[in-house]
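Visitor: Using the numbering used here, read the sequence shown as starting at 65 and increasing by one per residue. Here a beta-carbon is modelled for each residue, glycine too, at the ideal position from N, C-alpha and C. Below you'll find the structure I mean.
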Amino acid sequence: MTKEENEARLAKLKAIVSVLPEKPGSYQYYDADGTIIYVGKAKNLKNRVSSYFHTEVDRFKTKVLVSKIWNITYTVVNTEEDALLLENALIKKYNPRYNVLLKDGKTYPSICITKEYLPRIFQTRNINKKWGTYYGPYSHIGAMHGVLDLIKKMYRPRTCRQPMTQEGVKGKKYQVCLEYHIKNCGAPCIGKQTWEDYQKNIAQAREILKGNTRDVQMRLREDMMRLAEELRFEEAEELKRRYLLLEQFVAKSEVVSHTINNVDVLSITNDEKVAFVNYIHVSNGQINQSFTFEYKKRLEETDEELLQLAIVEMRERFHSQAKEIILPQEVNINLEEVTITVPQRGDKKTLLDLSLMNGKQYKFDRLKQAEKLNPEQKQVRLMKELQDLLKLPKMPYQIECFDNSNISGSDAVAACVVFKKMKPSKQDYRKYNIKTVVGPDDYASMKEVVYRRYNRLVEEGEPLPDLIVADGGKGQMEVIRQAVQDELGLDIPIAGLAKDDRHRTNELLYGFPPRVVGMKDTSELFRVLTHLQDEVHRFAITFHRDKRSKHALQSELDAIKGIGPKTRDELLKALKSVKRIKETGIEQLSGIVGKSKAEIVYQHFHRVEDGTDTNTAEENLAISK
Numbered sequence: 065m066t067k068e069e070n071e072a073r074l075a076k077l078k079a080i081v082s083v084l085p086e087k088p089g090s091y092q093y094y095d096a097d098g099t100i101i102y103v104g105k106a107k108n109l110k111n112r113v114s115s116y117f118h119t120e121v122d123r124f125k126t127k128v129l130v131s132k133i134w135n136i137t138y139t140v141v142n143t144e145e146d147a148l149l150l151e152n153a154l155i156k157k158y159n160p161r162y163n164v165l166l167k168d169g170k171t172y173p174s175i176c177i178t179k180e181y182l183p184r185i186f187q188t189r190n191i192n193k194k195w196g197t198y199y200g201p202y203s204h205i206g207a208m209h210g211v212l213d214l215i216k217k218m219y220r221p222r223t224c225r226q227p228m229t230q231e232g233v234k235g236k237k238y239q240v241c242l243e244y245h246i247k248n249c250g251a252p253c254i255g256k257q258t259w260e261d262y263q264k265n266i267a268q269a270r271e272i273l274k275g276n277t278r279d280v281q282m283r284l285r286e287d288m289m290r291l292a293e294e295l296r297f298e299e300a301e302e303l304k305r306r307y308l309l310l311e312q313f314v315a316k317s318e319v320v321s322h323t324i325n326n327v328d329v330l331s332i333t334n335d336e337k338v339a340f341v342n343y344i345h346v347s348n349g350q351i352n353q354s355f356t357f358e359y360k361k362r363l364e365e366t367d368e369e370l371l372q373l374a375i376v377e378m379r380e381r382f383h384s385q386a387k388e389i390i391l392p393q394e395v396n397i398n399l400e401e402v403t404i405t406v407p408q409r410g411d412k413k414t415l416l417d418l419s420l421m422n423g424k425q426y427k428f429d430r431l432k433q434a435e436k437l438n439p440e441q442k443q444v445r446l447m448k449e450l451q452d453l454l455k456l457p458k459m460p461y462q463i464e465c466f467d468n469s470n471i472s473g474s475d476a477v478a479a480c481v482v483f484k485k486m487k488p489s490k491q492d493y494r495k496y497n498i499k500t501v502v503g504p505d506d507y508a509s510m511k512e513v514v515y516r517r518y519n520r521l522v523e524e525g526e527p528l529p530d531l532i533v534a535d536g537g538k539g540q541m542e543v544i545r546q547a548v549q550d551e552l553g554l555d556i557p558i559a560g561l562a563k564d565d566r567h568r569t570n571e572l573l574y575g576f577p578p579r580v581v582g583m584k585d586t587s588e589l590f591r592v593l594t595h596l597q598d599e600v601h602r603f604a605i606t607f608h609r610d611k612r613s614k615h616a617l618q619s620e621l622d623a624i625k626g627i628g629p630k631t632r633d634e635l636l637k638a639l640k641s642v643k644r645i646k647e648t649g650i651e652q653l654s655g656i657v658g659k660s661k662a663e664i665v666y667q668h669f670h671r672v673e674d675g676t677d678t679n680t681a682e683e684n685l686a687i688s689k
C-alpha cells in the first residue's frame, strides 16, 4: 500500500468516526477483503472508536490492527449490558482475528436430565438441548460424580436407555429389570412408583443441581414431620434417609457462611499470551459450580477488558441470575440489578482467594501438560525465570560452574561442569590439575582455573557462557570476578551457591557486592541449581579421588624408565612383590620379561648409592651366576 492509498484509507475511516453516535453499542472493523477482524463494545461509540486513531496510541498490536482496517460498521443498543451481550454474540459468530480467543481446552462433562416421560439423569460430554436440560460443565470430575451419586442414592432414577411412553406404562408394555430387585430403581415403568412421585423426585434433583440444597432440605424435613404425625413411619423413614444423605453432602461442600447466597465470583491469573479466569457460583453458602476459562490474548488486553468479557460469557453459559459479582478489582461495567463487590476481608475475600487459587492451579496444570508435549518449553520457562530473577541481559542458555578439591593441598584439582538449556552437557565437562598454586589455597586455585578456562575460549574463538556460578559464597565469586573482569576484560554475569552448616544448598548470591536472591527451596529452578552444584562437586571429587588412588597404588617399578605397565604386571605376577624382584638375579628376570628389560630392572635396583653403576651388564650377569 502506497502512502497516498494509506492517507485516503485513514481519511475515509475518520469520516466514518466523525458521524458515529455517542450512544452504547458494538462496532466492527473490516479488512480489505471485507472480513470482520475485530468486534468491540462501548458506552460511547464515538469516543471509543476515535481513540484507535489517535497518534499517541503506543501499543504495537493496536497499531497493527489499525493498519488493517478498511471499513467500520456499528450497532446501537439501549444499555451497556446489551452492548456486552451483542459483542459476545458477534465474537462467537465471526471469530475475528484480533479478538481474544476463548479456549475451552477440551469438552468437559455435564449432567443431563432428559425430557422423556420418565426422565433419566446421567453424565455426558455431548450437548444437544433438544434432548434435555444440561447442568455444568464440571471441570472437577470428582465433584460431578459426588452430585450424581447423591441423586442416585436419594431418588433412584431409572438408568435403562429404553424409550418409555405414557401409553407403554399404562399398557404394561415394559418388564421389571435387575435394577429394581437390587433397589437401585423404583420401577416406575411397571407402576411400582407413581409418575407423580417420580416427577417430584426429578424436580428435587434439579434443585440440587442448581445448588438449592437448603430449600430441598427444608421441604424434606417438613414432609418427614408431616408423615410422622400421620403415623406413616416407613415413608417418613425414607425421607429421613434422603435428608441425612443431603445433610452429609452439604456439610462436605460448605466453605463459607451460609448467609452468602446467589453470588458469582471471578478472578484472573495472567500470563504473557494467555489469561485464566476462574468462575465460582455460590448458593446457600456452598459452591455448586466452578470453572476456569482460558483466553488467548491478541491485543494486549487489560485485566478489566478480559473480566468484562468473562462476566458476559459466564452469565450466558451458566444461565446465572446472581445479583452480586465478587471481583479482584473494579470493573467499569453496568449490569441491571447486579452489584459489583471488591472485598478486602471476611467470607467474601475468602471466596475470592479460593477462586484465585483455582485459577493458578489450572494455569499450573495447563503448563505441565504443555511441557509434557514439548519438553523444551519447560527449559525455556526455567531460563526465563532465572533471567527475570537475576535481571540478566539475556536468557542463560549456557551456565558453567566451578569447584575445587584437595586434601591439605595435595593432589589439588578443579572441575568445570556445563549446563545447556538447564540440562547437563557432559561432553563439555572439563577437569583441571592445579599447576601454579602450592598448598591448600582454594581461592587461588579457583582463580587459576577460571583464568585458564576463559583465556583459552577467547583464544580459540569459542562461545562464552551466559552465566558463571561458583560453588561457594562471596570469596569464590570475588576471585572469579578478578579473573574474568579485571584480568580478561570479559563481561559475564557471576553468581554463587552457598551451603549451610549441613552442606546443603540454601542461598543464591548475585551482584557485587553479593546479595541474597530470594527463591523458594521447593521451586523447580532451585532444584535445577542444586543439581548444578551437586554435579560440579561430584565431578571434582571423583577426579580428586582418581588422582589420589593412582598415587596410592603406584609401584616403585613405575619410576623405572623403559618399564611399562605390562612389564610391571608380569614381574609382580611372577614374583609377588618389589622386594623379591630386588633380590632376584638377572638370569631369572630374563626368563620372565626378556634380557633387555631384565637388565634395566636389575641395574635400577643394583646401583651404588651415589647413583652410578660400577659393573657392566656382562659382569653383573657373571656375578649373578
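Going by DSSP, what residue range makes up the beta strand (DSSP E) through E571?
Guide: Note, E571: beta strand (DSSP E), 569–574.
Visitor: With DSSP as the reference, label R290 as helix, strand or coil.
Guide: Of the three classes helix, strand and coil, the one that applies to R290 here is helix, per DSSP.
Visitor: Does DSSP put Y461 in a helix, in a strand, or in coil?
Guide: Here Y461 sits in coil by DSSP.
Visitor: Going along the chain, which unbroken runs of the alpha helix (DSSP H) with 4 or more residues stay wholly within the stretch 459–529?
Guide: List check, alpha helix (DSSP H) in window: 506–524.
Visitor: Assuming R579 is part of the beta strand (DSSP E), what are its boundary residues?
Guide: Unbroken beta strand (DSSP E) run through R579: 579–581.
Visitor: I think G536 touches A562, with their Cβ atoms under 8 Å apart; what is that distance to the nearest whole Å?
Guide: Between A562 and G536 the Cβ distance is about 7 Å, and since that is below 8 Å, they are a contact.
Visitor: At what residues does the alpha helix (DSSP H) containing V406 begin and finish?
Guide: Note, V406: premise wrong, no alpha helix (DSSP H); not H, not E.
Visitor: Could you check whether the stretch 108–120 touches the stretch 87–96, counting it as contact only if at least three pairs of C-beta atoms, one from each stretch, sit closer than 8 Å?
Guide: The stretch 108–120 vs the stretch 87–96: in contact.
Visitor: May I have a chain-ordered list of the beta strand (DSSP E) segments no shorter than 3 residues that lie completely inside the stretch 126–152?
Guide: For the stretch 126–152, whole beta strand (DSSP E) runs of length 3 or above, ordered along the chain, are 135–140.
Visitor: Let's see if you can read the secondary structure: which residues bound the alpha helix (DSSP H) around V667?
Guide: Contrary to the premise, residue 667 reads as Gln rather than Val in this sequence. Unbroken alpha helix (DSSP H) run through Q667: 659–669.
Visitor: Taking F357 as the reference, give the member of L330, V346, I624, G235 with the closest Cα.
Guide: Among L330, V346, I624, G235, the Cα nearest to that of F357 belongs to L330.
Visitor: Quick check: the stretch 518–525 against the stretch 443–457, are at least 3 beta-carbon pairs closer than 8 Å?
Guide: Result no; under three Cβ-Cβ pairs closer than 8 Å.
Visitor: With DSSP collapsed to three states, give me the class of A616.
Guide: With a pLDDT of only 48 at A616, under the threshold of 50, the placement of this residue in the model should not be trusted, and no figure is reported.
Visitor: Note down, one range per segment and in chain order, each beta strand (DSSP E) of at least 3 residues found wholly within the stretch 77–124.
Guide: Counting only runs of 3 or more, we get 89–94, 100–106.
Visitor: I'd like the list of long-range same chain contacts for Y116, defined as Cβ closer than 6 Å, with 5 residues on each side in sequence excluded.
Guide: Closer than 6 Å at Cβ, skipping near neighbours: V130.
Visitor: Pull up the CB-CB distance for D367 and K427, whole angstroms please, since I reckon it's below 8 Å.
Guide: D367 to K427, Cβ: 14 Å. No contact.
Visitor: Which term fits N468, buried or exposed, when burial requires 16 or more other beta carbons within 10 angstroms of its beta carbon?
Guide: Looking at its Cβ environment, which holds 16 or more other Cβ atoms inside 10 Å, N468 is buried.
Visitor: From what residue to what residue does the alpha helix (DSSP H) around T197 run?
Guide: Where T197 is concerned, there is no enclosing alpha helix (DSSP H), although the beta strand (DSSP E) it sits in stretches over 196–199.
Visitor: Take every Cβ of the stretch 172–192, pair it with every Cβ of the stretch 129–149, and state whether three or more of those distances are shorter than 8 Å.
Guide: Taking 8 Å as the limit for Cβ pairs, the verdict is that the stretch 129–149 does not touch the stretch 172–192.
Visitor: Could you pull out every residue in the same chain whose Cβ sits closer than 8 Å to the Cβ of R362, ignoring the five residues on either side in sequence?
Guide: So the qualifying residues of the chain are K125, R161, Y162, N163, V164, L165.
Visitor: Can you check which of these residues, V128, A300, D564, V444, is closest to E364 by C-alpha distance?
Guide: Looking at the Cα atoms, V128 is the closest of the given residues.
Visitor: Return helix, strand or coil for D535, following the three-state DSSP convention.
Guide: The answer is coil: DSSP assigns D535 none of H, G, I, E or B.
Visitor: At which residues does the beta strand (DSSP E) containing G343 begin and terminate?
Guide: Looking at the sequence itself, residue 343 is Tyr, so the reference to Gly does not match. Looking at the DSSP string, the run of the beta strand (DSSP E) that includes Y343 is 338–347.
Visitor: How about I100 and Y91: are their beta carbons less than 8 Å apart?
Guide: No. Outside cutoff.
Visitor: In the stretch 206–246, which residue ranges form an unbroken beta strand (DSSP E) of at least 3 residues, counting only runs that do not cross its ends?
Guide: Whole beta strand (DSSP E) segments, 3+ residues: zero.
Visitor: Below 8 Å between beta carbons: does that hold for Y666 and I650?
Guide: Yes, the Cβ-Cβ distance between Y666 and I650 is below 8 Å.
Visitor: Work out the CA separation of A96 and L74 for me, nearest whole Å.
Guide: Cα to Cα, L74 sits roughly 13 Å from A96.
Visitor: My output table needs one value for C253: the three-state DSSP class, helix, strand or coil.
Guide: Note: C253 maps to helix in three-state DSSP.
Visitor: CB-CB under 6 Å to Y219, same chain, minus the five flanking residues each way: which ones, in chain order?
Guide: If we look at Y219 and ignore the five residues flanking it on each side, its Cβ neighbours are N265, A269.
Visitor: Where L617 and V444 are concerned, what is the direct C-alpha to C-alpha distance, given to the nearest angstrom?
Guide: Summary for L617: the model assigns pLDDT 45, below 50, so the residue's position carries little reliability; its value from the coordinates is reported in the next sentence. Rounded to the nearest angstrom, the two C-alpha atoms are 47 Å apart.
Visitor: Any idea if G169 is buried or exposed, counting beta-carbon neighbours within 10 angstroms, 16 or more meaning buried?
Guide: Model confidence at G169 stands at a pLDDT of 46, short of 50, so the residue's coordinates are unreliable; what they give is reported in the following sentence. It is exposed - the Cβ of G169 has fewer than 16 other Cβ atoms within 10 Å.
Visitor: With a cut-off of 8 Å, do at least 3 Cβ pairs link the stretch 208–224 to the stretch 288–298?
Guide: No: the two stretches stay apart, fewer than three of their Cβ pairs being nearer than 8 Å.
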